[in-house]
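Here the structure comes first, spelled out in structure tokens, and everything after it is commentary.
2 protein chains.
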Amino acid sequence: MRAKLWVIKIGGNIIDDAEGLGRFLERFANLRGYKILVHGGGKIATRMAADLGIEAKLVEGRRITDEAMLRIVTMVYAGLTNKQIVAELQEKGCNAIGLSGADGNAIRTVKRPVKTVDYGFVGDILPGSVDTDTVATFVNAGFTPVFSAITHDGHGQLLNTNADTIAAALAVALSAQYATSLVYCFEKRGVLRDITDENAIIPEIRAGEFEQLKTSGIIADGMVPKLYNAFEAISKGVDEVCIGHAEDLHLLREQHFGTRLVR
Amino acid sequence: MRAKLWVIKIGGNIIDDAEGLGRFLERFANLRGYKILVHGGGKIATRMAADLGIEAKLVEGRRITDEAMLRIVTMVYAGLTNKQIVAELQEKGCNAIGLSGADGNAIRTVKRPVKTVDYGFVGDILPGSVDTDTVATFVNAGFTPVFSAITHDGHGQLLNTNADTIAAALAVALSAQYATSLVYCFEKRGVLRDITDENAIIPEIRAGEFEQLKTSGIIADGMVPKLYNAFEAISKGVDEVCIGHAEDLHLLREQHFGTRLVR
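So the protein sequences, as listed, match chains A and B.
Quick note: to get the working numbering, add 20 to the position in the first sequence (first position is 1).
Quick note: to get the working numbering, add 20 to the position in the second sequence (first position is 1).
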């Protein structure tokens, strides 16, 4: 039987709230079993860029990672944020190690090809991007990997990569060796049946129900790609995807955390 | 028999010279056997602080790490510099993992007590600071640890720590398990018999000769504490300490690298 592995992703909104982050990390540290944390960026990089007089470049509303911005996100995500999280987890008794995709060649991506837009130093994950041996070595040795969203191309180039995608790729790649649950923490307590009612959490959605929920308009806007990607991860071997609030993490084990997506 | 382990420290002068760093990393990657790299800071942090309008604080000529400066050195040393080195080593076929002392609780220091000067967030290494099990786990699994000079106190606080001291502490702690050589790369090709002659390298100094070389003035100024610390590491179990130029690293194995300090 494969051992249980949690792959948990937190976004920028939690990183930016020191107290909320502390409460989350407490709960994360207390979660038993093998686990991996993936963290996004937060506003520190944007603020740092502004303080350094570097303008955030946007093309068609999408952020471009030029060389100056890559230096900043590498410093902030892989340096400041990652090491602060690791130090705090160590304090809480969780033997964390902070990693970028370059470390141990854990996640090797490909610079996004230029079609109409040149996104700059952005790395796309391909099948085979995750070195499962490296990650499993750390996990099996009792360490808790904490990944920032910085990867590399294997040719000496660091690349900025979407944290949601990293979490999904890790969960999928490791599902051959572990019974993997992918957990997305966001600002809501789950997928809501009624967007105006914070308590109307849908406890479970099966893959077959997704289309119907889309058609009826219950799942709309930003939740559509989120759930699409989640069900894709499930179709590739992940046992379940859980979506809910960071501060509800202690409810994970009793399966009362947010919305559970299953096969 | 203990396996051979190289602990190699490079300073800021190499970090600041992209081409020289590339040549060093090529030689480091080609060095066979177990190895660890420890890197100092360089001028990027000072420049970053200036660009952000943060003044470097000095008391009695010594740099103070206040909270703003700690954030900067964490970003630059543990983020930018560390990950760039790791990505470049990966390109060169060396399976590097970048670590701070917080990662895997590898190096746990104590905030320097305030006597006459408050140095701020500076961590001092004590006996037992190095978690040899953690470092040996990485080394034995085939990874090459690359340490930045950022440590933690185990209570959630990151601390700025002297890179020379980190390298010595790693070499001493690991000498129980490995036949350890500690290598300091600096801007000269070795300890010089005549400071005006770059080629007058002393090939070997035995512990018993140190006092005499000091008395005669051949070893003076900054070299005195450097060699004192080196012989202390040797007295605590390190096999040898080698001091020379980063670009001569390929001469290490034939024992033609700089100056060799032995028992």
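Glycine included, each C-beta is placed from N, C-alpha and C at the ideal position.
If you check the CB distance, T152 of chain A and A193 of chain A come in under 7 Å.
Only exposed fits V244 of chain B, as fewer than 16 other CB atoms lie within 10 angstroms of its CB.
Taking a contact to require three or more Cβ pairs closer than 8 Å, the segment 138-146 of chain B and the segment 113-120 of chain B do not qualify as touching. D86 of chain A has a beta carbon lying at 7 Å or more from every beta carbon in chain B. Under the DSSP assignment, E260 of chain B falls outside any alpha helix (DSSP H), being part of the beta strand (DSSP E) whose first and last residues are 260-265.
Residue pairing for E224 of chain A: DSSP places it in a beta bridge opposite A:R280. At a cut-off of 7 Å, the C-beta of V106 of chain A has a neighbouring C-beta in chain B. In the same chain as V79 of chain A, and ignoring 5 residues on each side of it, the C-beta atoms closer than 7 Å to its own belong to V137, in chain order.
With a cutoff of 7 Å on beta-carbon distance, A253 of chain B and A191 of chain B are scored as near each other. Of the residues assessed, V134 of chain B falls on the exposed side of the cut-off, its CB having fewer than 16 other CB atoms within 10 angstroms. Check the Cα spacing between V96 of chain B and each of B:Y54, B:I215, B:Q197, B:A65: the tightest is with B:A65.
Collapsing the DSSP output to three states places Y204 of chain B in a strand. Taking 7 Å as the cut-off, the beta carbon of T200 of chain A is found no closer than this to the beta carbon of T171 of chain A. The beta-carbon separation of R280 of chain B and P223 of chain B, rounded to 7 Å, stays under the 8 Å limit for a contact. Taking the Cα positions, T85 of chain B is about 20 Å away from V106 of chain A.
At least one CB of chain A lies nearer than 7 Å to the CB of E111 of chain B. When rounded, the separation of the alpha-carbon atoms in F163 of chain B and G124 of chain A is 7 Å. Straight across, the Cα-Cα distance linking C262 of chain B with L269 of chain B is about 10 Å. The secondary-structure analysis by DSSP pairs G99 of chain B with nothing; it has no beta-bridge partner. Take the alpha-carbon of V203 of chain A and the one of I56 of chain A: they are about 10 Å apart. When secondary structure is reduced to three states using DSSP, I239 of chain A falls in the coil class, being assigned neither helix nor strand. Restricting attention to alpha helix (DSSP H) runs no shorter than 4 residues, the segment 44-79 of chain A encloses them at 64-71, ordered along the chain.
At least one CB of chain B lies nearer than 7 Å to the CB of I117 of chain A. Contact annotation for K103 of chain B against chain A: T94, A98, S120, A122, I170, L178 [CB-CB distance below 7 Å, chain order]. In terms of beta-carbon proximity, F163 of chain A lines the interface with chain B, with at least one pair separated by less than 7 Å. Assigned with DSSP and collapsed to three states, N180 of chain A falls in strand. The shortest C-alpha to C-alpha distance from Y54 of chain A to any of A:G113, A:G140, A:E111, A:L25 is the one to A:L25. Using a Cβ distance threshold of 7 Å, V58 of chain A and F167 of chain A count as a contacting pair. Residues of the segment 121-147 of chain A with a C-beta less than 7 Å from any C-beta of chain B: A122, D123, G124, N125, listed in chain order. The three-state secondary structure of L146 of chain A, taken from DSSP, is coil. Remark: C-beta atoms of R43 of chain A and E267 of chain A approach each other more closely than 7 Å. Distance from the Cα of R47 of chain B is smallest, within the candidate group B:M21, B:C114, B:D37, B:R91, for B:C114. A check of alpha carbon separations from G73 of chain B across B:A88, B:G81, B:G62 identifies B:A88 as the nearest. Chain-ordered listing is empty here: chain A has no CB closer than 9 Å to the CB of L247 of chain B, the nearest sitting near 33 Å.
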